[in-house]
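There are 2 protein chains.
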Amino acid sequence: MSDQTLGTTTVTQVGIIVRDIETKARAWADVLGLPIPEIIITDTVDLAHTEYQGEATPAQAKLAFFHLGQVDLELIEPIGGPSTWKDQLDQHGESLHHIAFFIKGMKEKVAYLEAKDIPLVQRGDYTGGRYAYLDGTARLGTILELLEND
Amino acid sequence: MSDQTLGTTTVTQVGIIVRDIETKARAWADVLGLPIPEIIITDTVDLAHTEYQGEATPAQAKLAFFHLGQVDLELIEPIGGPSTWKDQLDQHGESLHHIAFFIKGMKEKVAYLEAKDIPLVQRGDYTGGRYAYLDGTARLGTILELLEND
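First to last, the protein sequences are chains A and B. With our numbering, the residue at position 73 of the first sequence is 73, and numbering never jumps. With our numbering, the residue at position 35 of the second sequence is 1035, and numbering never jumps.
Given below as structure tokens:
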């Protein structure tokens, strides 16, 4: 597909905001009959270059992943400063947060969505790639995450 | 897997509650570069046997589906009486509502989850099958939907 679309229609991840990731990871493992996953912590702002609403933020998150076929279920416990993760927990409690797509060309795809009134709210880097959250609530009914691996 | 687990680890559907399904379906089609899907209306209570919190309810919903690989994205506009769909719209606005799994043996799987403090909140039939929503918010951070086709 061209740069005039998102370039993918494959949902790769569903994210859930939780208050207590250890408890929730155990409960999911129990319900699904799967091993309890490792819990990791996102990089600090000096490495992740995390930006929320255009400003650097010390926000981090604890993450745990269940690989459920095509889709990863991502548990996210917000820690630290302002973030879309913390907003969701404060405003809606523990709840589904986003669906994610792997894309190519982060800058162009963010611009594509912003031109459709789906604004960037948070971005950052991880080892081997980068992510962006765009607030599609008004237009699509959910936050989107774009993921790009090198 | 035995009846002692959910019997599947494959996410088959992600549901989004919306206020205006025609507008949202057009927006998703535009972002994804896909055709605008047909909008259907769930059966009335006499056919669907819809129950919310153990009582018959005249609730219905308008539905639209995007087939995104393994996962269907389901847009849901609640209409009519009390439902988990209406609860979500009233309490959280337009937002992600559930993730769904296809299972075999609805009665046993609902009992399996209820025994884990994940209570049934709504159930009903559709042509060729049946569904149940279980409120996993406290235990898992989200509502689950079980789907069973004949």
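Just so you know, even glycine gets a beta-carbon here, dropped at the ideal spot from N, CA and C. Quantities reported herein were computed from a predicted structural model and do not represent experimental measurements.
| Query | Result |
| --- | --- |
| According to DSSP, simplified to helix, strand and coil, what is residue 1135 of chain B? | strand |
| Is there a Cβ from chain A that is less than 9 angstroms from the Cβ of residue 1042 of chain B? | no |
| Give the range of the alpha helix (DSSP H) segment to which residue 1023 of chain B is assigned. | 1021-1032 |
| Count the C-beta pairs between the region 1055-1069 of chain B and the region 1083-1101 of chain B that are closer than 8 angstroms, then say yes if the count reaches three, no if not. | yes |
| Which residues does DSSP list as the beta-bridge partners of residue 1072 of chain B? | B:1013 and B:1067 |
| Could you list the residues in the region 25-50 of chain A with a C-beta less than 8 angstroms from some C-beta on chain B, going in chain order? | 27, 28, 30, 31, 32, 33 and 34 |
| Would you kindly work out how many angstroms separate the C-alpha atoms of residue 141 of chain A and residue 1107 of chain B, rounded to a whole number? | 32 angstroms |
| Name, going along the chain, the residues of the region 1070-1085 of chain B whose beta-carbon falls closer than 8 angstroms to a beta-carbon of chain A. | 1070, 1071, 1073 and 1075 |
| Between which two residues does the alpha helix (DSSP H) harbouring residue 89 of chain A extend? | 84-92 |
| Using a Cβ-Cβ cut-off of 9 angstroms, state whether residue 1066 of chain B counts as contacting chain A. | yes |
| Output the distance between the C-alpha atoms of residue 1045 of chain B and residue 1056 of chain B, rounded to the nearest integer angstrom. | 7 angstroms |
| Using the three-state DSSP reduction, which class does residue 18 of chain A fall into: helix, strand or coil? | coil |
| Taking residue 11 of chain A as the reference, give the member of A:145, A:149 and A:137 with the closest Cα. | A:145 |
| Counting only beta-carbon separations shorter than 9 angstroms, does residue 129 of chain A have a partner in chain B? | no |
| Please list the terminal residues of the continuous beta strand (DSSP E) segment that includes residue 100 of chain A. | 95-102 |
| Touch check for the region 1026-1042 of chain B and the region 1065-1074 of chain B: three-plus C-beta pairs under 8 angstroms? | yes |
| Chain B partners of residue 14 of chain A, CB-CB under 9 angstroms? | 1011, 1014, 1071, 1096, 1099 and 1142 |
| What's the C-alpha gap between residue 121 of chain A and residue 110 of chain A? | 11 angstroms |
| In terms of alpha-carbon separation, which member of A:9, A:149 and A:102 lies closest to residue 1069 of chain B? | A:9 |
| Determine, for residue 1103 of chain B, whether the minimum Cβ-Cβ distance to residues of chain C falls below 9 angstroms. | Any reference to chain C falls outside this structure, whose protein chains are A and B. |
| Could you please give me the residues that DSSP links to residue 62 of chain A through a beta bridge? | A:41 and A:77 |
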